[in-house]
Amino acid sequence: MFAMYNRRPMTIIAGRATYPKLPAGTAKMIRPKFASTHATPRQGFVAWYEGHLEARPVVTKMVTGCFLWGIGDAVGQVVPQWASSEKKDDMHYDLPRTVRAAFFGFALHAPTSHAHFNFLEWMTQRAGITGYAIPFFKAFMEQFVYWSWISNSLYHGAMAALQGYSPAECYQRIEDNLWDTQIAQWSFWIPIQLLNFQFTPVRHQLNVVLVTSIVWTALLSMWYPPESGKSKNTNESDEKDEKSV
Numbered sequence: 006m007f008a009m010y011n012r013r014p015m016t017i018i019a020g021r022a023t024y025p026k027l028p029a030g031t032a033k034m035i036r037p038k039f040a041s042t043h044a045t046p047r048q049g050f051v052a053w054y055e056g057h058l059e060a061r062p063v064v065t066k067m068v069t070g071c072f073l074w075g076i077g078d079a080v081g082q083v084v085p086q087w088a089s090s091e092k093k094d095d096m097h098y099d100l101p102r103t104v105r106a107a108f109f110g111f112a113l114h115a116p117t118s119h120a121h122f123n124f125l126e127w128m129t130q131r132a133g134i135t136g137y138a139i140p141f142f143k144a145f146m147e148q149f150v151y152w153s154w155i156s157n158s159l160y161h162g163a164m165a166a167l168q169g170y171s172p173a174e175c176y177q178r179i180e181d182n183l184w185d186t187q188i189a190q191w192s193f194w195i196p197i198q199l200l201n202f203q204f205t206p207v208r209h210q211l212n213v214v215l216v217t218s219i220v221w222t223a224l225l226s227m228w229y230p231p232e233s234g235k236s237k238n239t240n241e242s243d244e245k246d247e248k249s250v
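Add 5 to a position in the sequence shown, counting from 1, and you land on the number used in this note's numbering.
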């Protein structure tokens, strides 16, 4: 049996088996392949995430969105205060705001964005767009035709509703903030999305957006710092901290 496993000729001499000597370096050639297949922790995580993304794409993106939107809000709150506050002990952290952001990323932004990116890919193929025209077509459709208007309106409306605003107040909040949000978004997101659409597989395009949104929310919080004494019908600091594609 052992001789068959090694595929080496065996000679029986005086009741014992002997094998001919192998050429130098042959041992490395017949070493089992699994000896050098240990994955690094990073490779293990990537394989684990890819497996979940393949089996349950929407749920995986919802959990990812929850986590990254929460981080984005935390960065958007802490960094501006840390940079501008002389007394670090006076820093204030609004935990309910982070919870609202994480819930929005989980329940609304991730599933609708998953549908958006797949729909955008379908439109691109349907229109016969190929080559370097693909990212420009996708960016134009996303930023100017439909998605940016929908996603930003959804954000402002959902954040207002989660804060207990009435339907009329939610609509007013959208009306007051949408255009300024669009202008800021076009400046920030169009270059990023051109690269995203060109080099990133469709299943990971939302993840690129979510990771980049951490920077985006922090920038918006610096551009629009928190203001005190605001009423329900005016903008609060968390109205502009997480506008995302």
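Every residue gets a Cβ at the ideal spot worked out from N, C-alpha and C, and that includes glycine.
For a test of the three-state rule: what should DSSP assign to Ser118, helix, strand or coil? helix
Relative to the C-alpha of Leu199, which candidate in Gln148, Met164 and Gln177 has its C-alpha closest? Gln148
In this structure, does DSSP put Thr45 in helix, strand or coil? coil
Distance between beta carbons of His114 and Trp74, contact taken as under 8 Å: 7 Å
Just to check my reading of the structure: Phe202 and Ala144 have Cβ atoms closer than 8 Å, yes? What is that Cβ distance to the nearest angstrom? 6 Å
Should Trp152 go down as buried or exposed, given a rule of 16 or more other Cβ atoms within 10 Å for buried? buried
Pick from Thr45, Gln48 and Val63 that is closest to Arg208, judged by C-alpha positions: Val63
Taking C-alpha atoms, which residue in Ala173, Thr103 and Thr205 lies nearest to Ile219? Thr103
With DSSP collapsed to three states, give me the class of Pro206. coil
Nearest to Gly70 by CA position, among Arg105, Phe141, Glu174 and Phe124, is which residue? Arg105
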